[in-house]
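The opening position of the sequence shown corresponds to residue 5 in the working numbering, with each subsequent residue numbered one higher.
Note that the Cβ used here is the ideal one computed from N, Cα and C, for glycine as well.
Below: the structure, in structure tokens.
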Amino acid sequence: MTDMKEAVRLIDNLYSVERIVAAMEKEPKYYGTEELLYSNEVHTLKMVAQYEGMTQKELTDKMFRTKGATSVMIKKLEKKGLIIRKEDEKDARVLRLYLTEKGVRVHRCHLKYDEEIMKAWMGELNFSREEIADTNHLLEKFICYVEKRMRCVGQ
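See below:
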């Protein structure tokens, strides 16, 4: 059994990360483009790029948002010319999400921005490859567990 003090410390650290990320997401950024965007918007673009042709419901589920929040986000991104909805080839009632050319450019700039930030952080923090791999392994196990639990609760 894992040392309970260390487990509680881990949860406290995850909450701290959550607060820091929430604070960082409040300020919109240019991400190397002319488009001022919030973190939530570029991460929505990232999800649509990863799962090109996904439906709005699939996006809602993958991002753990409400249907209403997803609808508002898609409308914002459509208005900015970053996302389009296309009818499914087999079922016209189904709309699929795709990045526009502009959306692809913004997405690529966001990935580059994240990479540059991570290089700077890693350079300053001096993590070893092993530390990064161990942390990723732990977080991936945690994410998998929490996602499964959230999907069960949502049903």
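Coarse secondary structure for Leu99, derived from DSSP in three states: strand
CA nearest to the CA of Tyr35, picked from Tyr102, Glu134, Arg23, Glu120: Glu120
Element boundaries [beta strand (DSSP E), containing Arg13]: Segment 8–29 is the alpha helix (DSSP H) holding Arg13; no beta strand (DSSP E) there.
Element boundaries [beta strand (DSSP E), containing Arg89]: 87–91
Three-state secondary structure assigned by DSSP to Leu142: helix
Own chain residues within Cβ distance below 8 Å of Val52, not counting five before or after: Met58, Leu63, Ile87, Leu101, Tyr102, Leu103, Gly107
As assigned by DSSP and simplified to three states, the class of Thr48: helix
Run of the alpha helix (DSSP H) containing Thr37, from where it starts to where it stops: Element bounds for Thr37: n/a, residue is neither H nor E.
Rounded Cβ spacing between His111 and Leu49 (contact assumed at less than 8 Å): 5 Å
Within 8 Å, strictly: CB atoms of Lys84 and Glu39: yes
Coarse secondary structure for Thr70, derived from DSSP in three states: coil
Reference Met77; option with closest CA among Glu45, Tyr117, Gln54: Glu45
Beta-carbon proximity list for His114, same chain, < 6 Å, skipping 5 on both sides: Tyr35, Val46
Glu29 versus Glu22: straight-line alpha-carbon distance, rounded: 10 Å
Backbone CA spacing between Arg89 and Leu99 [nearest angstrom]: 6 Å
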